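One structure below.
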Amino acid sequence: GQQVMQIPQYQHVQEGEDFTTYCNSSTTLSNIQWYKQRPGGHPVFLIQLVKSGEVKKQKRLTFQFGEAKKNSSLHITATQTTDVGTYFCAGAYNFNKFYFGSGTKLNVKP
Amino acid sequence: DAGVTQSPTHLIKTRGQHVTLRCSPISGHKSVSWYQQVLGQGPQFIFQYYEKEERGRGNFPDRFSARQFPNYSSELNVNALLLGDSALYLCASSGLPTGTGANVLTFGAGSRLTVL
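Each protein sequence line maps, in turn, to chains E and B. No gaps in the numbering here: position 42 of the first sequence is 72 in my numbering, and each next residue is one more. No gaps in the numbering here: position 25 of the second sequence is 93 in my numbering, and each next residue is one more.
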């Protein structure tokens, strides 16, 4: 069935190091969204990617959508302690309901 | 402006009982989606409603049902609770109907259900 896989499950970094999380789908996605969930909180929308090969930046965050629209990545440059949380991708097929990945839990040591 | 509000925030039930969770979307939003988030996992889609009609259903048993009211608020009902139903239930509202490609989800804080 339709499923979005996300790796890694956990990532521990030293403050200032970079971080990347990856999402992959076996079938072509119509669009993909990224969310951040702080410990004890709820998912908060970060960005949406729709076009093949699209790249979007938000300050230290860079989001990419693959050419085949089957994979996506989120890269954080020079992590800060405020980046701590779990990052989820959510892929859609035919712009309909979203399938969330299992998330990557980021821990940043000061 | 109030965001997405959910009630109750926490509740404890025993196996076999029934639960009703409530959600009020952002003012002006007509679409409400329900997600189940088990600890350590990503949210799993349960239902989506738009303009009071069911627009999507995830892979959940018939014990799960939902409805949307004329004011666009929504209820999620779960019958015959099982231990495995223990989870954070998230409601998300969006302003646009499905299929538009701009269906950004705004989540509420969730209702944490514990089944004993």
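Positions of the beta carbon are idealized from the N, C-alpha and C atoms, including for glycine. Keep in mind the model is a prediction, meaning the values are calculated, not measured.
Rounded C-alpha distance that separates residue i from residue j
i	j	result
residue 88 (chain E)	residue 110 (chain B)	23 Å
residue 75 (chain E)	residue 69 (chain E)	15 Å
residue 106 (chain B)	residue 117 (chain B)	22 Å
residue 39 (chain E)	residue 100 (chain B)	29 Å
residue 139 (chain B)	residue 96 (chain B)	10 Å
residue 155 (chain B)	residue 182 (chain B)	7 Å
residue 99 (chain E)	residue 83 (chain B)	43 Å
residue 55 (chain E)	residue 136 (chain B)	31 Å
residue 78 (chain B)	residue 83 (chain E)	42 Å
residue 115 (chain B)	residue 134 (chain B)	7 Å
residue 34 (chain E)	residue 93 (chain B)	27 Å
residue 120 (chain B)	residue 102 (chain B)	14 Å
residue 101 (chain E)	residue 49 (chain E)	17 Å
residue 124 (chain E)	residue 123 (chain B)	13 Å
residue 44 (chain E)	residue 130 (chain B)	46 Å
residue 90 (chain B)	residue 52 (chain E)	34 Å
residue 147 (chain B)	residue 128 (chain B)	12 Å
residue 104 (chain B)	residue 85 (chain B)	18 Å
In DSSP terms, what residue i is bridged to
i	result
residue 97 (chain B)	Its beta-bridge partners do not exist; DSSP assigns none.
residue 124 (chain B)	B:116
residue 61 (chain E)	E:122
residue 52 (chain E)	E:37 and E:103
residue 184 (chain B)	Paired residues: none, contrary to the question.
residue 134 (chain B)	B:144
residue 87 (chain E)	E:92
residue 158 (chain B)	B:103
residue 44 (chain E)	E:139
residue 66 (chain E)	E:74 and E:117
residue 82 (chain E)	None; residue 82 (chain E) has no bridge partner.
residue 174 (chain B)	B:161
Own chain partners of residue i with C-beta closer than 6 Å, once the 5 adjacent residues on each side are dropped
i	result
residue 167 (chain B)	For residue 167 (chain B), the predicted model reports a pLDDT of 49, less than 50, meaning its position is unreliable and no value from the coordinates is stated.
residue 163 (chain B)	97
residue 135 (chain E)	40 and 116
residue 120 (chain E)	63, 128 and 130
residue 145 (chain B)	88 and 133
residue 42 (chain E)	137
Close Cβ partners of residue i (< 8 Å) along its chain, the five nearest in sequence each way excluded
i	result
residue 81 (chain B)	87, 149, 181, 182, 183 and 184
residue 122 (chain E)	59, 60, 61, 62, 63, 128 and 129
residue 173 (chain B)	101, 160, 161 and 162
Delimiting residues of the beta strand (DSSP E) encompassing residue i
i	result
residue 83 (chain B)	That residue, residue 83 (chain B), is in no beta strand (DSSP E); it is neither H nor E in DSSP.
residue 138 (chain E)	134-139
residue 90 (chain B)	87-92
residue 74 (chain B)	73-75
residue 76 (chain E)	74-79
Cβ separation of residue i and residue j, assumed to be a contact under 8 Å, to the nearest whole Å
i	j	result
residue 109 (chain E)	residue 138 (chain E)	5 Å
residue 178 (chain B)	residue 151 (chain B)	Not a contact, Cβ separation roughly 19 Å.
residue 72 (chain B)	residue 161 (chain B)	5 Å
residue 132 (chain E)	residue 36 (chain E)	5 Å
residue 77 (chain E)	residue 86 (chain E)	6 Å
residue 107 (chain E)	residue 90 (chain E)	5 Å
Cβ shell of residue i (< 7 Å), same chain only, five flanking positions each side left out
i	result
residue 76 (chain B)	179
residue 125 (chain B)	115
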